[in-house]
Every structure is written in structure tokens, then in C-alpha cells.
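*Asks:* Here the protein sequences come in this chain order: U and W. Last residue of the first sequence? That's 475 in numbering that gives the first Met the number 0, and every number before it is there in order. Last residue of the second sequence? That's 475 in numbering that gives the first Met the number 0, and every number before it is there in order. Just so you know, even glycine gets a beta-carbon here, dropped at the ideal spot from N, CA and C. Note that the structure is predicted; figures quoted are calculated from it, not measured. This structure is in C-alpha cells; I'll ask about it shortly.
Protein chains: 2
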Amino acid sequence: MSEKQFVKEIADINENFTQWYTDVVLKTELVDYGPVKGTMVIRPYGYAIWENIQKDMDRRFKEAGSKNAYFPLLIPMSFFTKEAEHVEGFAPEVAVVTHAGGAKLEEPLAIRPTSETVIGTMYSKWIQSYRDLPVIMNQWCNVMRWEKTTRPFLRTSEFLWQEGHTVHATEEEAMEETIKMLNVYKDFMENTLALPVFTGRKTEKEKFAGAVATFGLEAMMLDGKSLQSGTSHYLGQNFSKAFDIKFLDKDSTLKHGYTTSWGTSTRMIGAIIMAHGDQRGLVLPPKVAPIQVVIVPIAVHKGGVIEKAKELEAMLVKAGIRAETDTRDMSPGWKFNEWEMKGVPVRIEIGPRDIENNQVMVMRRDTLEKTAVSMDNLDKTLEELLEVIQKEMFVKAKERRDKKVVEADTLDGILSGVEAQNFVKAGWCGCRECEDKVKEVASATARVMCDEEGIPEKCAICGKPATHKVIFARAY
Amino acid sequence: MSEKQFVKEIADINENFTQWYTDVVLKTELVDYGPVKGTMVIRPYGYAIWENIQKDMDRRFKEAGSKNAYFPLLIPMSFFTKEAEHVEGFAPEVAVVTHAGGAKLEEPLAIRPTSETVIGTMYSKWIQSYRDLPVIMNQWCNVMRWEKTTRPFLRTSEFLWQEGHTVHATEEEAMEETIKMLNVYKDFMENTLALPVFTGRKTEKEKFAGAVATFGLEAMMLDGKSLQSGTSHYLGQNFSKAFDIKFLDKDSTLKHGYTTSWGTSTRMIGAIIMAHGDQRGLVLPPKVAPIQVVIVPIAVHKGGVIEKAKELEAMLVKAGIRAETDTRDMSPGWKFNEWEMKGVPVRIEIGPRDIENNQVMVMRRDTLEKTAVSMDNLDKTLEELLEVIQKEMFVKAKERRDKKVVEADTLDGILSGVEAQNFVKAGWCGCRECEDKVKEVASATARVMCDEEGIPEKCAICGKPATHKVIFARAY
Numbered sequence: 000m001s002e003k004q005f006v007k008e009i010a011d012i013n014e015n016f017t018q019w020y021t022d023v024v025l026k027t028e029l030v031d032y033g034p035v036k037g038t039m040v041i042r043p044y045g046y047a048i049w050e051n052i053q054k055d056m057d058r059r060f061k062e063a064g065s066k067n068a069y070f071p072l073l074i075p076m077s078f079f080t081k082e083a084e085h086v087e088g089f090a091p092e093v094a095v096v097t098h099a100g101g102a103k104l105e106e107p108l109a110i111r112p113t114s115e116t117v118i119g120t121m122y123s124k125w126i127q128s129y130r131d132l133p134v135i136m137n138q139w140c141n142v143m144r145w146e147k148t149t150r151p152f153l154r155t156s157e158f159l160w161q162e163g164h165t166v167h168a169t170e171e172e173a174m175e176e177t178i179k180m181l182n183v184y185k186d187f188m189e190n191t192l193a194l195p196v197f198t199g200r201k202t203e204k205e206k207f208a209g210a211v212a213t214f215g216l217e218a219m220m221l222d223g224k225s226l227q228s229g230t231s232h233y234l235g236q237n238f239s240k241a242f243d244i245k246f247l248d249k250d251s252t253l254k255h256g257y258t259t260s261w262g263t264s265t266r267m268i269g270a271i272i273m274a275h276g277d278q279r280g281l282v283l284p285p286k287v288a289p290i291q292v293v294i295v296p297i298a299v300h301k302g303g304v305i306e307k308a309k310e311l312e313a314m315l316v317k318a319g320i321r322a323e324t325d326t327r328d329m330s331p332g333w334k335f336n337e338w339e340m341k342g343v344p345v346r347i348e349i350g351p352r353d354i355e356n357n358q359v360m361v362m363r364r365d366t367l368e369k370t371a372v373s374m375d376n377l378d379k380t381l382e383e384l385l386e387v388i389q390k391e392m393f394v395k396a397k398e399r400r401d402k403k404v405v406e407a408d409t410l411d412g413i414l415s416g417v418e419a420q421n422f423v424k425a426g427w428c429g430c431r432e433c434e435d436k437v438k439e440v441a442s443a444t445a446r447v448m449c450d451e452e453g454i455p456e457k458c459a460i461c462g463k464p465a466t467h468k469v470i471f472a473r474a475y
Numbered sequence: 000m001s002e003k004q005f006v007k008e009i010a011d012i013n014e015n016f017t018q019w020y021t022d023v024v025l026k027t028e029l030v031d032y033g034p035v036k037g038t039m040v041i042r043p044y045g046y047a048i049w050e051n052i053q054k055d056m057d058r059r060f061k062e063a064g065s066k067n068a069y070f071p072l073l074i075p076m077s078f079f080t081k082e083a084e085h086v087e088g089f090a091p092e093v094a095v096v097t098h099a100g101g102a103k104l105e106e107p108l109a110i111r112p113t114s115e116t117v118i119g120t121m122y123s124k125w126i127q128s129y130r131d132l133p134v135i136m137n138q139w140c141n142v143m144r145w146e147k148t149t150r151p152f153l154r155t156s157e158f159l160w161q162e163g164h165t166v167h168a169t170e171e172e173a174m175e176e177t178i179k180m181l182n183v184y185k186d187f188m189e190n191t192l193a194l195p196v197f198t199g200r201k202t203e204k205e206k207f208a209g210a211v212a213t214f215g216l217e218a219m220m221l222d223g224k225s226l227q228s229g230t231s232h233y234l235g236q237n238f239s240k241a242f243d244i245k246f247l248d249k250d251s252t253l254k255h256g257y258t259t260s261w262g263t264s265t266r267m268i269g270a271i272i273m274a275h276g277d278q279r280g281l282v283l284p285p286k287v288a289p290i291q292v293v294i295v296p297i298a299v300h301k302g303g304v305i306e307k308a309k310e311l312e313a314m315l316v317k318a319g320i321r322a323e324t325d326t327r328d329m330s331p332g333w334k335f336n337e338w339e340m341k342g343v344p345v346r347i348e349i350g351p352r353d354i355e356n357n358q359v360m361v362m363r364r365d366t367l368e369k370t371a372v373s374m375d376n377l378d379k380t381l382e383e384l385l386e387v388i389q390k391e392m393f394v395k396a397k398e399r400r401d402k403k404v405v406e407a408d409t410l411d412g413i414l415s416g417v418e419a420q421n422f423v424k425a426g427w428c429g430c431r432e433c434e435d436k437v438k439e440v441a442s443a444t445a446r447v448m449c450d451e452e453g454i455p456e457k458c459a460i461c462g463k464p465a466t467h468k469v470i471f472a473r474a475y
């Protein structure tokens, strides 16, 4: 086979970002399309990223006092109607089981689009006294939301996620939990995914169906669009009243609890791809990369090269680095392309001359810089290098983003801002009409509010006094 | 509140084992019933056992060359009809989605009862050449089988499991994989769950719908019944032909691959409960116990006790032991009952006099033995003790089981054997009629064949020449 056959073409990242994304996710074998429209198969290379995400997040959740549990996939349809806003938000997207075990069911069952209703039902049974509070549980599971337009990781009818659900005795404590988990997410995204995010409260229009307040994490993709990467909801007593979650308080009166929920999903993998990628393909942050270091032996016919490569691999693996040697019967050039496309943070090249000189060539995927490095203490050198890459990827992403955040004080300004692929900060009067106008004129939505930066005098849309400062952007 | 209120009553293990099981799983808060009939909620204490199981198994799978992936929950109903035996076996148990996104679907979709069909479909797309083989993937997920009679962990309409699916170039290699994974399971069950298992091939009647051969792992519960704890299937070319999994072999001819699948589920938690439990409740093997050591401070009003307990806890946690101190405002006696019921392998009692004597009292849950132990090197002492408990629990379970394995050479012998709560080994001619007869007369089924022990001369049922030696038992 000629090498030509192996060149995997990826659409131009600047000219057709959408196609670039599709090419990258398919050609790097992160995902494939499932047989049912709108579903995805997460292939081993993609799933390994998810496993690394899970491991890191799960540790953080447990440190934050959460315990994992598992609640049923199927929820009686009647549960959704108990919270008015919730049913309105989710009923149109639900997949419904009507038959099972060869017979028609008495009541149709929904495949969970989210689990507030079924978890609320169980909490009402388990919680009796203030001594039982707070309850802080999380589950890792699949959910289903029937979508018309789908794209792998970004929007699929089934996806994997985690959903935390908590109950507290007071409003203050529940709000504290909401913000605490928002910050757990933020820290994870910045330090593990190298993804700078804006956090803040969502508008009424954009909040979760049934929440009192939703807080979102918004990351900027390379095309200037925003990707909502996680949300944390303060649910007040909406669900505790709908599902009768009551407790006997210290003062011997029966009270409804205050609940929160918070979630992130496989969508974050889409964010990694679209925030860090380049024309060659993926650029993965070391902390979630399935392979952190790939070793490519050169001129293997000379003998001793593969042995030395394997020796280095063992040394790196021992140091806790996810390292692999590519011994396949392909040319080094083909392998370079392949692993660059797959976003492996560091490539090591080792040939007979390198062995003579007690060195290897080290290539950084993020900067494409190549340097000669001594084989002595290679494990330490690479440990440090991976940390440097992790940090610099965040800095680079943040600098790139910060340059693309502008301010506007007119609707025109918002329009030209988002057309130039920016996030646009602007004053807003707080009314739904103005928010709808931005959507209509600029195809942009209110991502989060950032009132803490200081509220502008006027609403950029209608000119009336502003009550909020909002980040507007086009969004996935 | 009086202590009486906290005494949790558990049915007599000898008189009513079924009720004992239900009491234990509910009162220890391993599970609860979900709102939809036949579903279960796995509560944090139960889910933590599952997490420990997953961690241990997942490591073994990866060492055996498997990679994790995720395939869609929903499978077009038409997929099932492609393999004749498979559809016959699973169609009656399937839950069906007929509506989604507010509209009726063109084709009804099954919630996966197992994923051979959808994974086979993807494999046929991914596999082209012998270079692509073997393919060895596993997924951790939920599955759904609509059951009429359900019991938490043992049989529920939804459960959690892992399913491995592999493709090989030759029959020999696929059969090797089938047996290799059977042995991975066996080693896990014996060393991690302290559960002795019989392994062997299943009869035609008992095999997986669509398999050429199924190998099972059968564990004896305290009531002498068998619990199938895992299965490994050699699928031959049944699924590769049905789903067109073909590869271009080295000899340039197109061939169908040979596939296997293997699975274990949350059912294993039921096995742990029913193989090791006693009148006081759970007895958990240290390797999967959510809490390995619980520290109960005594006479806390004397001061310094809780501090010392916390100090010991920190020391144990640092040594990698899952230790917790129970500082709740309850009496020591209440706590002893509670943690014994919950099956924590080791309890430490520490009071003012213990501190004076630089010692603690250590109670083993499995033997109920209590001894004074020096505080010096308590981490080392307990590390060793946990290992001893793990090993002795296996030995004890194996001795108990081995005493209850008998041989029979008549149908009457099989009947009296299983009525006395034994596993019964007997010769079998290999015909379905004799197998059905055992079911009819003794309510027992062929668990696995153990021909390697030597085949008896005659079939215990019909007296004709035997072709197999079979373990008959009543089963969950």
C-alpha cells in the first residue's frame, strides 16, 4: 500500500469548521454514527477520554461530599407533569416506552431526559428529619433527549453524563451548594481540560426547565461560538413541593427541603476538540489524553531500536505516564501524521543515531516544536513537559478567547461583534423582548450574566436603563 | 428516642431465607424499589460495592487486552430478527420505544437486553482486514429485560452490567478467548468476592440464545441454590454471518469472523449477600466493602477519645484502608448492631482505658472474634488482618459448599439431593427429555457440565449410557 492511501483528509479549519469537526471526530475514531438516527457510538479512543474525565471529576465530587448511586432509566410519564415548567421543557424531547414483555403498558414510561422527578420521588421516601440532610448524590448514566439536528458529542439523542442531586434544609445552604459545584466544574474545566470558561447566572429564558436559577459554564470554541459545558441549578422548593420532599426540622415543624442539581456530559469532549484543535486534527490536554506520549522508532532495520524504545516506554509507564510504542509496519512519516491527528501531546522519535548520542527527539503537539532531549531522566523530563503543556494550553486558549471578547452598546454592535466571531458583553434591561430581538437579528443568545463586572447604564437593545450585563454569543 | 426504635429486625435466616434477603438488602440501604414495577434504585452503600467491583474487574479486562467503548441503548427491532435463536430468546423480554420527540417512530426500537446485534452491526463496518483482528471491546452499561418476578440484584427489569464483545480470525482463537475470560471471571470471583464457583459448559437448553456454546460460573448460596454469576459465550459464526462481519484474510479470501461475548452484572452483589451473610446481616469481603474498618469511640464524654479515633482513622486511610469513624450521637451498642448488619469487615472500639493501655479492641465481622491489639503499627496489623479475612472467607465458603456437593445415580437421588439443599452431580445421556424431567420432578436445572471429572456410566434419569456429567441444582 502506498502512503498516499493513508493520508486522511480533514476539511479546512478556517473555511469549513463544521466539516473540519466532523472529519476530525470520525477520522480519529473518537466516535461513529449509531444505527438509530441521532445516536453515536463512542469508540475506544473517545471513551478513554471520557474515562479520564470521569476519574478526575469523580474524585472531585467525592471530596465535595457526594456519593454515587444509580436510579432507574424509566420514569412514569405522569411524574413529569408534577412540575409545570419541567414538563413543558422536557415533554417534547422524551422517548416513550409503550410496550414491554410482549404487552402494552398501563402507563407509558419515559426514558430519563434528566432525573429530578424520579430522584425526587425517592428522596421524599428517604428524607424524614433534619438529621437526614444534606443529601448529596451523583449518578453517572445515559440520558435520552430526542433531537432533530444532531452532531456527535454536541447534540445526540442519547448521551452520557453525570447528574448531581442534593437536598438541603435552607435556601442559603442550597444556593451555596449550587455555586460550590459550579466552581468545582470551573476548576475542573480550567485545570484538567485547559478550557477557560465564563460562569454566571442564566436568564429566565435560558434557564433549566423547573429551576429558580441556573448557572452555566460557557467556553469559546475556535469559531467564536459558545459551548455550554455544564450547568448548576438552584431549584428552590419547586421540586420538593412537586415531589413532597419534607423533613421535620429542629423546631419540630415539617418543612420542604431546598434542592439543587448539576450536570456535565460527553459534550465536554466536543469542547476539547473545538477549543484546542488545529488543521492537523486533535490537540489533547495531557490530563485527559488516552496516550500522553507516543514513541516512534526510526530505521528499525538497524536493530536495537525497538528494544530501546520499549525500554523507554517501560520507564515512562512506571512513572505513571500513559506511553505507547508504535511498532506497526508503517513508515515513520505515516505514524507522525496519524498521532498528530489523534492529538497525542508528545511524540518521541528514536533512531540508531539518537541511541549513539544518548538522546531522543521530542515533539510537542501543541506548539509543534521539536527538540533533542537526553535519555537520562527522561521520565522526569517528560513529567515536567506534560505539566508545562497542560498549563500552556490553558494560557493559549485563554489569550485567544480574551482577544475575542468585546463590548457593545447597540444591537448593531452586538451583531457585528458576533459576526466577527466574538463574545459580546452588553447592558440589558432584563426584558424577554430584547433578548428575543438579539436572537432574531444576530442569531445570538444570552450565555450568562456578568453583573459583578458592573452594569452598563443602558440596555444595548432598547436603550432603557440596564439591569444586567450579559455575554451574548452564538452558541452550539 | 429509645434504642429499641433502632433495632432493625431481620427475618430468621434458616426459617425464611427469602425474607432474610429482602430485609437485609433494604435495611442495610443497599437498594430500594424504584417507582416502576421491577426496577431497583441502587443506593450509595450498594453502589459503592459496585464501584469496587468495577474497578477491580476493569483492571483485569484491560490487562487481558480489552478496551472500553459505548454503544447505543436503542436498537432497531429488526436487528433482533437477523439471528433466529437470538430473537426467540430475547423478543419476549424486550421493552419497546414506539414514540419519541412527540411523534410515532417509523420503526419501533428495543432498549438493549444485550448488545450483540448493535455491536455486530458496528463491527461489520469497522473490520475489513485480518490486520484489524482481534477486536476486543467491553462496555459498562444498563440493560433491560422485562421480567415478571423480580428481586433486587437477582432479577430486575433494568440492571447494570458489563458486556465484552470480541471478533477473531479463527475458531481456535475465539474459543481461547471465551475460556480466557471465563477464567478472568473465576479468578475475580474467588479472590475478590471470596466466592467459590463451579465453571463449565452449559447444556443446549441452558445456553445463551444465539451461542454455539455458553460457559457459566455457578456459586452456591447459603440455601444450597445456585446463582449464575457470569457467562462467557462462544458464538462461532452465528452473529458474524447474521451481521456480515467479514475480513480479508492473509490468503486474500474474504472470511466471516468468529465472535465471543461475556458478561457479569450487579447480580454478583446478590451472590455476595447470599453466600457470606448471617443472621446479623451482611458479611462483606474486605476487597469490595465500601467501609473496611469502622472505628467506634466509647465513653466519648471523657474527652480525647474522638481525637484519638480520628488520629487512627487518618493513619489507616493513609495506608490505603477505607476507614471511617462513627461519631454520631448514638450509643456504642446501637452502632455495633448497625455496622455488623452492614457487614463492615473490621470494627475497632476505642475508649479511655484503651488509650491508657495503648491498645484498641478489634472485632472481626466474619468470625465475630474480638481481641485487644496494640496501637503501634495498627495500619500494618489491619492491612494483614484484612488480607486474612479475605482469604478465610473464601476458604470458609468453599468448605461449606464442598460439603454440600453430592453425587446421584437416580432421579430420586437427584431429588433428595437438591431437597437437602445440595448441588448434585450425576450422569446424563444428553437428551432434552431427561433434562426436562429433572426440572419437572426436582425443580432443578443443569447448571454446568463437568465432564472432565469423568463421565459416569449411566444417565441418572433414563439409565441409558451417559455422555456427560452434570451439576444439577435449584437456581436463582
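Rounded to a whole number of angstroms, what is the C-alpha to C-alpha distance between LEU104/W and LEU159/U?
*Replies:* Answer to the nearest angstrom: the Cα atoms are 23 angstroms apart.
*Asks:* For the region 388 to 470 of chain W, list the alpha helix (DSSP H) runs that are entirely contained and at least 4 residues long, ordered along the chain.
*Replies:* You should have 410 to 418, 431 to 441.
*Asks:* Using a Cβ cut-off of 7 angstroms (strictly closer), state whether LYS185/W contacts chain U.
*Replies:* Not one chain U Cβ lies under 7 angstroms of LYS185/W.
*Asks:* Bridge partners for TYR233/U per DSSP, in chain order?
*Replies:* Beta-bridge pairing links TYR233/U to ALA212/U, THR259/U.
*Asks:* Check each residue of the region 36 to 49 of chain U: if its Cβ is closer than 7 angstroms to any Cβ of chain W, include it; give the result in chain order.
*Replies:* Within the region 36 to 49 of chain U, the qualifying residues are THR38, VAL40, ILE41, ARG42, PRO43, TYR46.
*Asks:* From the DSSP output, in three-state form, read off GLY342/W for me.
*Replies:* The answer is coil: DSSP assigns GLY342/W none of H, G, I, E or B.
*Asks:* What residues in the region 122 to 149 of chain W bring their beta carbon closer than 8 angstroms to a beta carbon of chain U?
*Replies:* Under the 8 angstroms Cβ criterion, the region 122 to 149 of chain W contributes LYS124, TRP125, MET136, CYS140, ASN141, MET143, TRP145, GLU146, LYS147.
*Asks:* Distance, Cα to Cα, LEU221/W vs PRO296/W?
*Replies:* Roughly 34 angstroms separates the two Cα atoms.
*Asks:* Which ranges does the alpha helix (DSSP H) cover as unbroken runs of at least 4 residues, wholly within the region 257 to 308 of chain U, from first to last along the chain?
*Replies:* For the region 257 to 308 of chain U, whole alpha helix (DSSP H) runs of length 4 or above, ordered along the chain, are 266 to 275.
*Asks:* Evaluate the contact criterion for the region 122 to 129 of chain W versus the region 244 to 256 of chain W: three or more CB pairs, one atom per stretch, below 8 angstroms.
*Replies:* Flag = yes, the region 122 to 129 of chain W and the region 244 to 256 of chain W touch.
*Asks:* So if I threshold CB-CB distances at 9 angstroms, which residues from the region 71 to 99 of chain W count as touching chain U?
*Replies:* Going along the region 71 to 99 of chain W in chain order, one finds PRO71, LEU72, LEU73, ILE74, PRO75, PHE78, ALA90, PRO91, GLU92, VAL93, ALA94, VAL95, VAL96, THR97, HIS98, ALA99 with a Cβ nearer than 9 angstroms to chain U.
*Asks:* Please work out which residues of its chain come closer than 8 angstroms, Cβ to Cβ, to VAL30/W, disregarding the five sequence neighbours upstream and downstream, and give them in chain order.
*Replies:* Cβ within range, chain order: VAL24, MET39, VAL40, ILE41, ARG42, GLY45, PRO151, PHE152.
*Asks:* Relative to chain U, which residues along the region 152 to 168 of chain W have a C-beta separation below 8 angstroms, given in chain order?
*Replies:* The region 152 to 168 of chain W vs chain U, Cβ under 8 angstroms: SER156, GLU157, LEU159.
*Asks:* Could you pull out every unbroken beta strand (DSSP E) segment of at least 3 residues lying fully inside the region 312 to 364 of chain U, listed in chain order?
*Replies:* Runs found: 322 to 324, 345 to 349, 358 to 363.
*Asks:* Is it true that the CB of GLY209/U sits closer than 7 angstroms to the CB of GLU82/U?
*Replies:* Yes; because the gap between Cβ atoms is below 7 angstroms, this pair is in contact.
*Asks:* Are LEU367/U and ALA274/U touching if we call contact CB-CB under 7 angstroms?
*Replies:* No.
*Asks:* Against chain W, with Cβ distances strictly below 7 angstroms, would ASN67/U count as a contact?
*Replies:* It does; some Cβ of chain W falls within 7 angstroms.
*Asks:* What does the alpha-carbon distance come out to for the pair VAL282/W and GLU398/U?
*Replies:* Approximately 56 angstroms between the Cα atoms of the pair.
*Asks:* Please confirm whether GLU14/W has its beta-carbon closer than 7 angstroms to some beta-carbon of chain U.
*Replies:* Judged by the 7 angstroms Cβ criterion, GLU14/W is not in contact with chain U.
*Asks:* What's the call for GLN291/U, buried or exposed, on a 16-neighbour Cβ count within 10 Å?
*Replies:* It is buried - the Cβ of GLN291/U has at least 16 other Cβ atoms within 10 Å.
*Asks:* Taking only runs of the alpha helix (DSSP H) that begin and end inside the region 17 to 92 of chain W, which ones reach a length of at least 4 residues, in chain order?
*Replies:* Entirely contained in the region 17 to 92 of chain W, the alpha helix (DSSP H) runs reaching 4 residues are, in chain order, 43 to 62, 76 to 79, 83 to 89.
*Asks:* Starting from the N-terminal side, write out each stretch of the beta strand (DSSP E) that is 3 residues or longer and does not extend beyond the region 84 to 133 of chain W.
*Replies:* With a minimum length of 3 residues, the continuous beta strand (DSSP E) runs that stay inside the region 84 to 133 of chain W are 94 to 99, 102 to 110.
*Asks:* May I have the straight-line CA-CA distance separating GLY163/W from VAL35/U, to the nearest angstrom?
*Replies:* In a straight line, the C-alpha of GLY163/W is about 21 angstroms away from that of VAL35/U.
*Asks:* For VAL483/W, return the contacting residues in chain U, with the cut-off set at a CB-CB distance below 8 angstroms.
*Replies:* Lying outside 0 to 475, the shown extent of chain W, residue 483/W is not represented and no answer is given.
*Asks:* Work out the CA separation of THR326/U and HIS167/W for me, nearest whole Å.
*Replies:* Whole-angstrom Cα-Cα distance: 21 angstroms.
*Asks:* I think VAL304/U touches PRO351/U, with their Cβ atoms under 8 angstroms apart; what is that distance to the nearest whole Å?
*Replies:* VAL304/U to PRO351/U, Cβ: 6 angstroms. Contact.
*Asks:* Any beta carbon of chain W sitting closer than 7 angstroms to that of GLY101/U?
*Replies:* Cβ-Cβ to chain W under 7 angstroms: yes for GLY101/U.
*Asks:* If you measure from the beta carbon of THR120/U to each beta carbon in chain W, is any gap under 7 angstroms?
*Replies:* Judged by the 7 angstroms Cβ criterion, THR120/U is in contact with chain W.
*Asks:* Which of the three DSSP states, helix, strand or coil, is assigned to PHE242/U?
*Replies:* DSSP places PHE242/U in helix when its eight states are reduced to three.
*Asks:* My output table needs one value for LYS249/W: the three-state DSSP class, helix, strand or coil.
*Replies:* Coil at LYS249/W, not helix or strand.
*Asks:* Please name the residue, chosen from GLU92/W, ASN141/W, GLN278/W, ALA218/W, that lies closest to ILE12/W on a Cα-to-Cα basis.
*Replies:* For the residues GLU92/W, ASN141/W, GLN278/W, ALA218/W, the minimum Cα distance to ILE12/W belongs to GLN278/W.
*Asks:* By the 10 Å Cβ neighbour count, where 16 or more other Cβ atoms means buried, how is ASN15/W classified, buried or exposed?
*Replies:* By the 10 Å Cβ count, ASN15/W comes out exposed.
*Asks:* Within this structure, are the beta carbons of THR169/U and THR259/U separated by less than 7 angstroms?
*Replies:* In this structure, THR259/U does not lie closer than 7 angstroms to THR169/U by Cβ.
*Asks:* Tell me which residues share the same chain as SER264/W and place their Cβ nearer than 7 angstroms to its Cβ, disregarding the 5 neighbours each side in the sequence.
*Replies:* The residues are PHE158, LEU159, TRP160.
*Asks:* From SER228/W, GLU203/W, THR165/W, pick the residue whose C-alpha is nearest to that of GLY256/W; which is it?
*Replies:* With distances taken between Cα atoms, GLY256/W lies closest to THR165/W.
*Asks:* Which chain W residues sit within Cβ distance under 9 angstroms of ILE110/U?
*Replies:* What ILE110/U touches in chain W: LEU72, LEU73, VAL96, ALA99, ILE110.
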